[in-house]
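The sequence shown maps to residues 36 to 256 in my numbering.
Cβ coordinates follow ideal geometry from the N, Cα and C atoms, glycine included.
What follows is a short report on a single structure.
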Amino acid sequence: MIETFFNPEIIAAIWPIVLAGLLNTVLLSLIVVPLGFVGGLILALLATVHHPWVRWPLIAWVDFFRAFPPLVLLILLFAGLPFAGLELGGFACVAIAFFLNTGAYYGEILRAGIDSVPTGQVEAARSTGLSRLQALGYIVLPQAVRNVLPDLMSNTLEVVKLTSLGSVVAVPELLFQARQAQSVTYSPTPIVLAAIIYFLILWPMVRLLSRLENRALAVRR
């Protein structure tokens, strides 16, 4: 078992390749998570505009990208856009696909957070002379983010895991580099090593999420 799945000689040989993939995974996460959050924030703010011409297109947008598989969207951008004369690199395609897909999820989470803040606080803020945007930025959003922080963390965890989809469009992230090493060594050790690294990176986030969820349950009780 050790010789097959945890071969130390193979690990020593492929470590520089896997490390390069890990750095690209971190870089990709630092790009797609803020992009998705910003996209979700824009959608959540638009959801506060109660007008049919804004509401119904917004609902259609969010429902479409929540229902559309991110892998299919990524392949469509990477393989389909060149037929329209627009060629984007793997990083750009992943960033756009995640902006559209995860932005819809972040948007729904933030919208729920905004709805959880009593409207009386907005009215009180407006009565002090704040504009609607100022009331949202200074009063509503800080409370909204705190109310849905466990959900935001959970979605962020899923986004980081989804960065492994970048391997499909030849983005040299952790999984792609591990598969390249596997094709050279003819051993499952590189994939096992990548799995262990994913676990070590994401496990602290899982524990933090559990603490936030338990704290939220304690507050509700």
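Output the boundary residues of the alpha helix (DSSP H) element that contains Y221. Boundaries for Y221: no alpha helix (DSSP H) harbours it, and the DSSP string shows neither H nor E there.
What did DSSP end up calling S166 once you bin it into helix, strand or coil? In this structure, S166 counts as coil in the three-state DSSP scheme.
Have a look at P43, L57, I131, D186 and flag the residue whose alpha-carbon is nearest the alpha-carbon of A147. Selected option, being the one with the closest Cα: D186.
Classify S51: buried if its beta carbon has 16 or more other beta carbons within 10 angstroms, exposed otherwise. Strictly speaking, residue 51 in this sequence is Pro, with Ser absent from that position. P51 is classed as exposed because its beta carbon has fewer than 16 other beta carbons within 10 Å across all chains shown.
Using the three-state DSSP reduction, which class does E208 fall into: helix, strand or coil? Note: E208 maps to coil in three-state DSSP.
Whole-angstrom C-beta distance between E208 and T83, which should lie under 8 Å: That pair is no contact at about 36 Å.
Closest residue to M188 among P225, F72, W88, F134 (Cα-Cα distance): With respect to the C-alpha of M188, the residue from P225, F72, W88, F134 having the closest C-alpha is F72.
Under three-state DSSP, which class holds F103? For F103, the secondary structure class from DSSP, reduced to helix, strand or coil, is coil.
Look at the Cβ atom of I232, then the Cβ atom of L109, and state whether they are nearer than 7 Å. No, these two residues do not count as a Cβ contact at 7 Å.
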